[in-house]
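Sequential numbering from 4 applies to the sequence shown in my numbering.
Please read the structure below before turning to the comments.
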Amino acid sequence: MFKKILFSIISLTLFAGCAKDSPQINAVCELKPNGTYLIKWETFPPMEGVVKAYESTNPDSFNRCSPIFEQDIQAGYQNVLAKAFTRSYLKLVFNKKYATVIAPRNIPMQGIFNFRDLGGYYTNDHQQMKWGKIYRSGSLSMATHYDRDLLKGLKITSVVDLRTERERDNYPNKYQATQVYNLPLRGNRHDFFFDEILSNRMNASDILVYDQNIFSFLMENNADYFIKLFDILLNEKNYPV
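Rendered as structure tokens:
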């Protein structure tokens, strides 16, 4: 199962086709500033009928007895009031036959930047990445009490820290996971990147080339760490990561 998950990471495509006899369903869920979910969907070919939505805190289990809304498929969207302090997943069922699970990808935090769930993407062989298993974020060193409670609620078991030893010493993590794996990527010189921008010595095309070069360098010079990363992801006991 976890080998399939790893293959999914490598072969992600956001809008993948479904099985031959099934429609292609694209759906997203956005958390709006007013505390509502904006749920949007489209099907190819276009379908008529009804879409029902079910809500759960567990992306693998939904109570199909009480939908939170019913809407004409051709309407294409629906607003739903979000539950406070709860990470919710939504299952959309089209004409009682075709289903997909969605959730807001970005998870708002007070001190942690760019915290996102990597679930929900489709692969070339029509499999869907599981929600609530793998997350990415900025440094956990700025986590507030609210953030730490939210991480506990997500049951984050393992943290893979790609920062250098110096960064870890200067800005220690404020979330105590069961397992912490330190994989300090060589060439992780984001400070140089910011210095060059602030000095006005880089234009937009320079930044694009720099981005390409630095990520190529990271991949080419940290193969051993990426091997360890995939070994970590192969261990079911490490999830959620």
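Every residue, glycine too, gets a C-beta built ideally from N, C-alpha and C.
Would you decide whether residue i is buried or exposed? Buried here means 16 or more other CB atoms lie within 10 Å of its CB.
i: M112; result: buried
i: F118; result: buried
i: Y80; result: exposed
i: I28; result: buried
i: I105; result: buried
i: D120; result: buried
i: I42; result: buried
i: A30; result: buried
i: T46; result: buried
i: S11; result: Unreliable placement is indicated for S11, whose pLDDT of 47 sits below 50; no coordinate value is reported for it.
i: G123; result: buried
i: P62; result: buried
i: N210; result: The residue you asked about is not Asn; residue 210 is Ile in the sequence shown. Exposed, since its Cβ has fewer than 16 Cβ neighbours within 10 Å.
Apart from the five residues on each side of it in sequence, which residues of its chain come closer than 7 Å, Cβ to Cβ, to residue i?
i: R67; result: Y57
i: D227; result: none
i: V163; result: Y184, L186, L232, I235 and V244
Ordered along the chain, which non-local residues of its own chain (more than five positions away) have a Cβ less than 6 Å from that of residue i?
i: D128; result: none
i: L154; result: Y178
i: R151; result: Y178
i: Q74; result: V54 and Q81
i: K35; result: L41
i: K131; result: According to the sequence shown, residue 131 is Gln rather than Lys. Here the set comprises Y125.
How far does the alpha helix (DSSP H) with residue i in it reach, from first residue to last?
i: A146; result: Here A146 belongs to no alpha helix (DSSP H), and DSSP marks it neither H nor E.
i: A207; result: A207 to N224
i: D172; result: E168 to N173
Can you give the beta carbon distance from residue i to residue j, rounded, assuming they're within the 8 Å contact cut?
i: L143; j: N173; result: Not confirmed; about 13 Å, so no contact.
i: V96; j: K55; result: 5 Å
i: G190; j: L165; result: The Cβ separation is near 11 Å, so there is no contact.
i: I76; j: M50; result: 5 Å
i: R292; j: G156; result: Residue 292 falls outside the range modelled here, since the chain spans only 4 to 244, and no answer is possible.
i: L84; j: C32; result: That belief does not hold up - the Cβ atoms of L84 and C32 are roughly 13 Å apart, past 8 Å.
Within its chain, find whatever has a CB closer than 8 Å to the CB of residue i; leave out the 5 residues flanking it on each side and keep chain order.
i: A241; result: Residue identity differs from the one stated: residue 241 is Asn in this sequence, not Ala. Contacts found: T160, S161, Q182 and I235.
i: N224; result: R189 and G190
i: K158; result: P243
i: A102; result: K94, L95 and V96
i: S208; result: none
May I ask which residues mark the beginning and end of the beta strand (DSSP E) holding residue i?
i: E239; result: From DSSP, E239 is part of no beta strand (DSSP E); its letter is neither H nor E.
i: Q182; result: Q182 to N185
i: V163; result: S161 to D164
i: S59; result: V53 to S59
(message) Across the region 165 to 185 and the region 117 to 137, are there enough close Cβ pairs to call them in contact, namely three or more that are closer than 8 Å?
(response) No, the region 165 to 185 is not in contact with the region 117 to 137.
(message) Would the region 213 to 220 count as touching the region 104 to 111 if we require 3 or more Cβ pairs under 8 Å?
(response) The answer is no - the region 104 to 111 does not touch the region 213 to 220, with fewer than three Cβ pairs under 8 Å.
(message) Taking contact to mean 3 or more Cβ pairs, one atom from each stretch, closer than 8 Å, check whether the region 139 to 150 and the region 226 to 234 are in contact.
(response) No: the two stretches stay apart, fewer than three of their Cβ pairs being nearer than 8 Å.
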